[in-house]
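Chains as they are written, first to last, in our numbering: chain A, 1 to 309; chain B, 1001 to 1416. All C-beta atoms in this analysis are idealised placements derived from N, C-alpha and C, irrespective of residue type, glycine included. Computed from a predicted structure; not experimentally measured. The structure under discussion appears below in the form of structure tokens.
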Amino acid sequence: MSTASLAKSDYETPNRSWYKRNEISVTPWLFLAPAILFFAAYVIIPIFQSFEISLFAWDGLGAREYIGTENYVELWDDPAFYTSLKNNVIWLILYLLAIPAGLFIALFLNQTVMGIRLYKSLFFFPFVISQVVVGLVFTWFYDPTFGLLNTIIGWVGLGPINVLGDPTYVTYGIIAAGLWPQTAYCMILYLTGLNAVDPEQIEAARLDGAKGWRMLWYVIVPQLKPATFIAFVVTIVGALRSFDLISVMTNGGPFGESRVLSFYMFEVALSEYGFRMGYGAAIAVVLFFIMLFFIAYFLYSMYQDERGR
Amino acid sequence: MRSILKASAMALVTSAALATGAFAADKLSGDMKIFLDTSNPAPRATFEGIIAQFDEMHPDLNIETTIIDRDGYKTQIRNFLTANPPDVATWYAGNRMLPYVKTGLFEDVSDLWQGELAEQLASTKTALTIDGKQWGVPYTYYQWGMYYRKDIFDKLGLSEPKTWDEEKANCQKIIDSGAKCYTIGTKFLWTAAGWFDYLNLRTNGYEFHMALTAGEVSWTDDRVKKTMANWRELIDMGAFIDDHTAYSWQEAIPFLVDGKAAAYLMGNFAVDPIKAAGLTDDQLDFYQFPLITEGIPMAEEAPTDTLHIPSGAQNKEAARAFLQFVATPEVQTSMNASLGQLPVNNQASVNTDDKFVQQGFEMLNGASALAQFFDRDAPAEMAKVGMEGFQEFMVRPDNLDQILQRLEKTRERVYK
């Protein structure tokens, strides 16, 4: 081995490893690998598993039986499914009220007076406490015998209204409870957004004679677009995830009138009397496509923003 | 050889237990895991007591008890039976155990239902039998019936009704006095099923009720409609408290305590919370659900709570010994005295100081047959849709035809 004794020259091509040679292109993948792995295992693969299970009759314990699209056929004329779907739509629409409500509270709180930090945190408080607690508080608030709501409307000679026991009011009652923390969430998003509003533009608008609503609509709101977008996303997602409040406040009742798709899915597949994994998976698939519609829209608009820059 | 030894050890153990209530012969060792749904204070203490007693008799046995919230247990049982089975688990008799029996998750314990013990537990044998085999051992049951305000009845000059007409006449007088006849909280649905069960048992009898919950009769049958018509008479009178859909069964108790309602159709487990809410034995009394159709024998509801061995249990020998121990008259007597319920073993004695237990014991002894409860007699899915329908009927009785058609559609799918 004569070469072994040769001194290493600086000009010699170093014997670089494969990793060293490909470092730039490989490293991002290495960092992404854990996330990709878990996202695949806990999100992507289960989606396809849901598709598969929805084609079976299965109680979750014994053998499964392939029944093709029968679950979907049954879903097609299941009145409980349409009630849930209708409630989902009501949730989606009314939950969006959290965005303007959050904006107005944010505008109201966006000033410098003594103790404003305390007021802000008080307004943010409902978002901090658990949804279960919100549900319980509103259940008591609505209680037909001792609830605050019926005491108040009793003063003007109305009521009592059994909000959570009456099929006509129940969904609205739960949405009102859900709006409480959701408004707080949108408020905090807008408060941060308002910090970024350019004072020079406001000054310029003022010189041009804009004030009040025109100022808000043409000068402030356009500058809050990123905050509005995020508020919109979290509110839509929040509306579609509306499970805990329903579970705590009514358990889907009375006679299933306050169910939404996610709750109905839980009820048929996983609850005390639910043993129909296939049917539950079929509902999940429908819910997935509804969500996919929104997700696709969000991704598209985010993509447009990126390109626009 | 091993099984002979085991059997004789078992026989020895049983006879020793029967004779003295104490185990002398004792070969049990290893670990035993027990999962219980007895999360309420009294049942919890009861089980802890008897487990300590069993532990003392088997010093080599290491018992590990897990108590799970009663409602949480109902959904968790699926997971732990398949993934991490204990050696002993509580559950309910009737069709409620069918999903676990069908999928082989419960162990066949027919061998325990032999000889003397079988005779002593005979009253619940059918409720624990599926496919001719027994799948568990009962530890308690309790009666259902009308818990009523005796002081209100006395004030209005009413007596315990024996027939449907008397029941309705009483109710009319209570309504005229400005109160409601019955409190109920249907938020969690099953309370309405108690009414349906009793009305159907009294209108059409036990055989029909069982055929209906077993899916053999159509829900649009005229006999079902007759039951519902009887129910409707009470609804139209305004017999039930308003807004019952907003309350749980516990939240319905204050109406009885405040005198806004005069009676509560419930299981005997309600006595404890009612008394805790302030009623005394002088104010609260019990009567049997009255006769509706002449000539139909009086069957009663008596939900039975049971112990089972999961088929994946590690220490089945100890589990069997524990089930046998719980079934003995001595243990059943002491357990049910502290539970405030009825022992299943006919050699056990009831607590005669408790007038509700005493009355329930007499009523069930005279019963022509015992039903479990709607959600234990009917399969899970039928029970859910059915109870939802009953709740809707109590609020919107005009929807009856629609409701029954929905139940019928479910029946056609569930029982095929």
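- Sequence-distant partners of I90 of chain A (beyond 5 residues in either direction) whose C-beta falls short of 8 Å from its own C-beta, in its chain, are T171, Y172, I175.
- Chain B has a Cβ within less than 8 Å of the Cβ of E272 of chain A.
- Residue contact check for R1078 of chain B against chain A: a CB pair falls below 8 Å.
- Contacts with chain A (Cβ-Cβ distance below 8 Å) from the segment 1386-1398 of chain B involve E1388, G1389, Q1391, E1392, V1395, listed in chain order.
- Annotation: K1180 of chain B is outside any alpha helix (DSSP H); the continuous beta strand (DSSP E) that includes it extends over 1180-1182.
- Under the 8 Å Cβ criterion, the segment 1356-1371 of chain B does not count as touching the segment 240-247 of chain A, having fewer than three qualifying pairs.
- Where D1305 of chain B is concerned, the enclosing beta strand (DSSP E) starts and stops at 1304-1308.
- Any Cβ of chain A closer than 8 Å to the Cβ of T1245 of chain B would place that residue at the interface, and such an atom is present.
- For F1188 of chain B, the chain A residues whose C-beta falls within less than 9 Å of its own C-beta are N251, G253, listed in chain order.
- Contact annotation: the segment 1292-1309 of chain B touches the segment 1091-1104 of chain B, with at least three C-beta pairs closer than 8 Å.
- Contacts with chain B at 8 Å (Cβ-Cβ) do not include D244 of chain A.
- Bridge partners of W91 of chain A according to DSSP: none are assigned.
- Of the other Cβ atoms in all chains shown, fewer than 16 fall within 10 Å of the Cβ of T27 of chain A; this residue is therefore exposed.
- Residue burial annotation: R206 of chain A is exposed, with fewer than 16 other C-beta atoms found within 10 angstroms of its C-beta.
- Close partners of T1183 of chain B in chain A (Cβ separation under 9 Å) are lacking, with about 12 Å as the shortest Cβ gap.
- Restricting attention to B:L1201, B:K1384, B:G1238, B:F1374, the CA atom closest to the CA of A1299 of chain B is found in B:L1201.
- Looking at the DSSP output, E1300 of chain B sits in a beta bridge with B:L1370.
- Here P1273 of chain B carries a helix assignment [DSSP, helix/strand/coil].
- Relative to the Cα of F1269 of chain B, the nearest Cα in the group B:I1235, B:A1302, B:M1228, B:F1196 belongs to B:A1302.
- A Cβ-Cβ contact shorter than 8 Å links V1271 of chain B with Y1147 of chain B.
- In this structure, the alpha-carbon of F1390 of chain B lies about 24 Å from that of I1174 of chain B.
- Between the alpha carbons of H1209 of chain B and L1323 of chain B lies a distance of about 31 Å.
- A straight-line Cα-Cα distance of about 8 Å links W180 of chain A and F127 of chain A.
- Taking a Cβ-Cβ threshold of 7 Å, none of the residues of chain A is close to T1220 of chain B; the smallest such distance is about 17 Å.
- In the same chain as L1028 of chain B, and ignoring 5 residues on each side of it, the C-beta atoms closer than 7 Å to its own belong to H1058, D1060, L1061, E1317, A1318, A1321, in chain order.
- For L1117 of chain B, no chain A residue has a C-beta closer than 8 Å to its own C-beta; the minimum C-beta separation is roughly 29 Å.
- Each of B:A1327, B:S1349, B:K1168 was checked against the Cα of T1333 of chain B, and the nearest Cα belongs to B:S1349.
- Taking a C-beta distance under 8 Å as the contact criterion, A282 of chain A and N71 of chain A qualify as a contact pair.
- Just so you know, the alpha carbons of T1038 of chain B and V233 of chain A end up roughly 44 Å apart.
- Residues are counted here when their Cβ sits less than 9 Å from a Cβ of chain B; for the segment 41-60 of chain A these are D59, G60, given in chain order.
- Scanning its chain for C-beta atoms nearer than 8 Å, with the 5 sequence neighbours on each side dropped, one finds around I1068 of chain B the residues F1035, L1036, D1037, S1039, Q1076, in chain order.
- A residue is called buried once 16 or more other Cβ atoms fall within 10 Å of its Cβ, and Y1415 of chain B, having fewer, is exposed.
- V1331 of chain B sits away from V1137 of chain B, with the two beta carbons spaced by 8 Å or more.
- Annotation: A1367 of chain B to T1126 of chain B spans about 15 Å, alpha carbon to alpha carbon.
- Of all residues in the segment 1053-1071 of chain B, only D1071 place a beta-carbon less than 9 Å from a beta-carbon of chain A.
- The beta carbons of I1051 of chain B and I1063 of chain B sit about 6 Å from each other, so the pair counts as a contact at 8 Å.
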